Amino acid sequence: MIINKTELNAILNAKHSNPHSLLGLHQYRVKKRRGLVARTFIRNAKSCEIVDIESKPKKTYSLEKISSDGFFEGWIPNRPKVFRYYLRIEKTNGETQQYYDPYSFMPTITDYELHLFNEGNDHQIYEKLGAHISHVNGVSGVSFAVWAPSAKRISVVGDFNLWEGVYHPMRLLGSSGVWELFIPGLKKYTKNKYEIIGADNLLRLKTDPYGVFFESSPNNASIIKDIDKYEWRDTAWMEERKCTDWLKQPISIYEVHFGSWKRMGEMGNRALSYREMARELTNYVKYMGFTHVEFLPLNEHPFTGSWGYQPTGYFAPTHRYGNTEDLMFLIDTLHCNGIGVIMDWVPGHFPKDIFSLAEFDGTKLYEYTDPRKGYHQHWGTLVFNYGRNEVRCFLIASAFSWFHRYHIDGLRVDAVASMLYLDFSRKVGEWVPNEYGGRENLEAMHFIRQL
Numbered sequence: 006m007i008i009n010k011t012e013l014n015a016i017l018n019a020k021h022s023n024p025h026s027l028l029g030l031h032q033y034r035v036k037k038r039r040g041l042v043a044r045t046f047i048r049n050a051k052s053c054e055i056v057d058i059e060s061k062p063k064k065t066y067s068l069e070k071i072s073s074d075g076f077f078e079g080w081i082p083n084r085p086k087v088f089r090y091y092l093r094i095e096k097t098n099g100e101t102q103q104y105y106d107p108y109s110f111m112p113t114i115t116d117y118e119l120h121l122f123n124e125g126n127d128h129q130i131y132e133k134l135g136a137h138i139s140h141v142n143g144v145s146g147v148s149f150a151v152w153a154p155s156a157k158r159i160s161v162v163g164d165f166n167l168w169e170g171v172y173h174p175m176r177l178l179g180s181s182g183v184w185e186l187f188i189p190g191l192k193k194y195t196k197n198k199y200e201i202i203g204a205d206n207l208l209r210l211k212t213d214p215y216g217v218f219f220e221s222s223p224n225n226a227s228i229i230k231d232i233d234k235y236e237w238r239d240t241a242w243m244e245e246r247k248c249t250d251w252l253k254q255p256i257s258i259y260e261v262h263f264g265s266w267k268r269m270g271e272m273g274n275r276a277l278s279y280r281e282m283a284r285e286l287t288n289y290v291k292y293m294g295f296t297h298v299e300f301l302p303l304n305e306h307p308f309t310g311s312w313g314y315q316p317t318g319y320f321a322p323t324h325r326y327g328n329t330e331d332l333m334f335l336i337d338t339l340h341c342n343g344i345g346v347i348m349d350w351v352p353g354h355f356p357k358d359i360f361s362l363a364e365f366d367g368t369k370l371y372e373y374t375d376p377r378k379g380y381h382q383h384w385g386t387l388v389f390n391y392g393r394n395e396v397r398c399f400l401i402a403s404a405f406s407w408f409h410r411y412h413i414d415g416l417r418v419d420a421v422a423s424m425l426y427l428d429f430s431r432k433v434g435e436w437v438p439n440e441y442g443g444r445e446n447l448e449a450m451h452f453i454r455q456l
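Each number in the numbering used here comes from the position in the sequence shown (counting from 1) with 5 added on.
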């Protein structure tokens with residue numbers, strides 16, 4: 006056994022913060038002989054070998070099982086350079102599997118992208134953080150990335166690994182606070198969460214802050230989707246929008262709460278779906294002569310009674326009325342009929358639900374640390390920390406994603422007064438003045454200007 010017991014136990018107990026430094030292929034010398042050490046950790050595996058896909062014919066190297074939990078290690082002499090490979094596994098039930106090793110891939114995010122995120126200036130960071138169907142070195146899979154600077158360990162868990170955090174731990178990318186992992190072979194509709202050991206040493210399961218779709222409560226798992234395949238028909242609307250001076254155009258806005266606007270009485274009084282709403286709402290709005298529709302928040306939210314004003318999915322439409330393509334179809338239909346789309350958006354606060362943003366990495370990460378700034382007494386929610394670059398980047402990217410991905414025409418920002426004033430809904434002594442002694446939240450003002 007080459008690996009020392011301390012490092013082995015850290016992997017077996019899912020407490021290693023840099024698994025890529027041990028797993029995969031690494032240059033290693035044995036008594037001055039140059040070569041490679043190979044390691045992998047696989048559940049329910051009886052045997053494992055590495056298949057060199059660069060050699061002709063393909064060479065194979067058997068690994069030794071040094072832990073009953075499924076940890077394998079092997080020494081490959083006279084191979085000083087790391088090569089491309091896949092794993093061939095014999096399971097304990099006799100089944101044979103072949104797949105690429107997640108720990109053989111380089112990071113899917115560049116240092117420059119991380120720099121922009123940390124300074125708060127990557128307004129399309131949702132294309133890097135979160136879960137994305139990707140192709141890396143010709144291999145298809147899903148790349149995962151999440152910001153959690155104070156976490157001690159993060160693993161991707163889901164229905165593909167029986168929700169066991171020991172098998173797919175992520176690596177921390179330098180001082181960026183971003184953890185990353187590419188898992189080959191994963192496909193769309195896979196459910197997943199992040200299993201996090203926080204700064205407080207507590208284990209928590211969190212949904213993806215950048216997730217694009219979620220399952221319903223109480224599980225609230227993220228669902229991997231490729232949402233860039235919808236074929237839009239609203240080219241004429243989008244082109245005309247570019248050259249229209251909306252400040253000089255008559256506008257009449259029809260505000261809609263999706264869940265109660267119209268219901269199907271003959272079908273248990275359920276709400277309309279996105280696609281059903283496309284037909285019904287378009288006809289009504291055209292008949293009444295409105296130019297725009299304004300939807301109350303359509304982003305994912307766990308409590309239906311909040312009407313969407315306590316969101317947990319800042320990049321995801323709610324599952325209640327259909328999937329991502331269904332919402333695109335609704336907006337597309339409105340645009341094709343000359344109707345603009347505005348959506349209410351909530352960057353002022355977020356709920357305390359344990360599966361979401363609250364104390365994400367065992368610290369007050371997205372929210373202010375001081376409850377006199379970070380706790381909303383009026384709504385029982387948490388206030389975003391607008392002084393943190395990455396939080397502002399998260400929120401602005403959320404806004405941008407609705408324009409980019411869903412073609413909406415405008416956002417109505419909710420609860421602006423609660424963002425601007427530190428004494429909002431607070432009595433004397435329950436709020437903290439700004440550096441000049443005033444009641445204005447200067448960080449929120451900076452965020453709004455940047456937005």
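Here a beta-carbon is modelled for each residue, glycine too, at the ideal position from N, C-alpha and C.
For clarity, every value in this text was computed on a predicted model and none was experimentally measured.
(1) Quick check: Thr329 and Lys230, are their CB atoms within less than 8 Å of each other?
(2) Measure the Cβ-Cβ separation of Phe76 and Leu17 and say whether it is below 8 Å.
(3) Quick one: give me the first and last residue of the beta strand (DSSP E) that Asp349 is part of.
(4) Spatial neighbours of Leu134 within its chain, please: CB distance less than 6 Å, with the 5 preceding and 5 following residues excluded, ordered by chain position.
(5) Do Gln129 and Ala402 have their C-beta atoms within less than 8 Å of each other?
(6) What do you reckon, are the CB atoms on Arg158 and Ile202 nearer than 8 Å?
(7) Just reading off the alpha helix (DSSP H) that Arg280 is part of, what are its end residues?
(8) Under the assumption that Gly3 contacts Thr195 (Cβ atoms under 8 Å), give the Cβ distance between them as a whole number of angstroms.
(9) Just to confirm my understanding: we take Val428, look at its own chain, exclude 5 residues before and 5 after, and list those with CB closer than 7 Å. What are they?
(10) Could you tell me whether the Cβ atoms of Tyr172 and Arg93 are closer together than 8 Å?
(11) Starting from the N-terminal side, write out each stretch of the beta strand (DSSP E) that is 3 residues or longer and does not extend beyond the region 180–262.
(12) Looking at the structure shown, is Gly146 part of a helix, part of a strand, or coil, going by DSSP?
(13) How about Ser52 and Lys37: are their beta carbons less than 8 Å apart?
(14) DSSP three-state call for Lys36: helix, strand or coil?
(15) Is it buried or exposed, Phe110, if we count other Cβ atoms within 10 angstroms and call 16 or more buried?
(16) For the ligand NAD, is there any heavy atom lying closer than 7 Å to the beta carbon of Val418?
(17) Any chance the region 408–417 sits against the region 329–344, with 3 or more Cβ pairs inside 8 Å?
(18) Under the assumption that His306 contacts Gly345 (Cβ atoms under 8 Å), give the Cβ distance between them as a whole number of angstroms.
(19) With H, G and I counted as helix, E and B as strand and the rest as coil, what does DSSP make of His25?
(20) Please name the residue in His383, Trp384, Arg377 whose C-alpha comes closest to that of Arg390.
(21) Assuming Glu395 and Gly125 make a contact with CB atoms under 8 Å, what is their CB distance in whole Å?
(22) With 16 as the cutoff for other CB atoms within 10 Å, does Trp407 come out buried or exposed?
(23) State the start and end residues of the unbroken alpha helix (DSSP H) segment that holds Ile453.
Short version:
(1) If you number the sequence shown from 1, residue 329 lands on position 324. If you number the sequence shown from 1, residue 230 lands on position 225. For Thr329 and Lys230, yes; Cβs fall inside 8 Å.
(2) Position 71 of the sequence shown, counting from 1, holds the residue named residue 76. Position 12 of the sequence shown, counting from 1, holds the residue named residue 17. The criterion of a C-beta distance shorter than 8 Å is satisfied by Phe76 and Leu17.
(3) In the sequence shown, counting from the first residue as 1, residue 349 sits at position 344. According to the DSSP assignment, Asp349 belongs to the beta strand (DSSP E) that extends over 345–350.
(4) Numbered from 1 along the sequence shown, position 129 holds the residue referred to as residue 134. Within the same chain, Leu134 has close Cβ partners Ala150, Tyr215.
(5) Working through the sequence shown from its first residue, we reach residue 129 at position 124. Working through the sequence shown from its first residue, we reach residue 402 at position 397. Against a cut-off of 8 Å, the Cβ pair of Ala402 and Gln129 comes out as a contact.
(6) The residue you call residue 158 lines up with position 153 of the sequence shown. The residue you call residue 202 lines up with position 197 of the sequence shown. The answer is yes: Cβ separation under 8 Å.
(7) Numbered from 1 along the sequence shown, position 275 holds the residue referred to as residue 280. Run containing Arg280: 279–293, per the alpha helix (DSSP H) assignment.
(8) Outside the modelled stretch of the chain, which goes from 6 to 456, sits residue 3, for which no answer is possible.
(9) As a working note, residue 428 is residue 423 in the sequence shown. Reading off the sequence, residue 428 comes out as Asp, not Val. Excluding residues within five positions, the ones whose Cβ falls inside 7 Å are Trp436, Arg444.
(10) Residue numbering aside, residue 172 sits at position 167 when the sequence shown is read from its first letter. Residue numbering aside, residue 93 sits at position 88 when the sequence shown is read from its first letter. The Cβ-Cβ distance between Tyr172 and Arg93 does not fall below 8 Å.
(11) Fully enclosed beta strand (DSSP E) runs of 3 or longer: 183–189, 196–202, 208–211, 258–261.
(12) The sequence position of residue 146 within the sequence shown is 141, counting from 1. Strand at Gly146.
(13) The sequence position of residue 52 within the sequence shown is 47, counting from 1. The sequence position of residue 37 within the sequence shown is 32, counting from 1. Not in contact: Ser52 and Lys37 (Cβ atoms no closer than 8 Å).
(14) Within the sequence shown, residue 36 is the residue found at index 31, counting from 1. Looking at Lys36 - three-state DSSP - the assignment turns out to be coil, as it is neither helix nor strand.
(15) One-based indexing of the sequence shown puts residue 110 at position 105. When all chains shown are included, Phe110 counts as buried.
(16) The ligand NAD is not among the ligands present in this structure, which contains no ligands whatsoever.
(17) At 8 Å Cβ cutoff, the stretches touch.
(18) Taking the first residue of the sequence shown as 1, we reach residue 306 at position 301. Taking the first residue of the sequence shown as 1, we reach residue 345 at position 340. Not a contact, Cβ separation roughly 24 Å.
(19) Working through the sequence shown from its first residue, we reach residue 25 at position 20. For His25, the three-state secondary structure derived from DSSP is helix.
(20) Looking up residue 390 in the sequence shown gives position 385. For the sequence presented, residue 390 should be read as Asn rather than Arg. Nearest of His383, Trp384, Arg377 to Asn390, Cα basis: Arg377.
(21) Mapped onto the sequence shown, residue 395 falls at position 390. Mapped onto the sequence shown, residue 125 falls at position 120. Right, their Cβ atoms sit about 7 Å apart.
(22) Mapped onto the sequence shown, residue 407 falls at position 402. Classification for Trp407: buried.
(23) If you number the sequence shown from 1, residue 453 lands on position 448. Here the alpha helix (DSSP H) through Ile453 covers 447–455.
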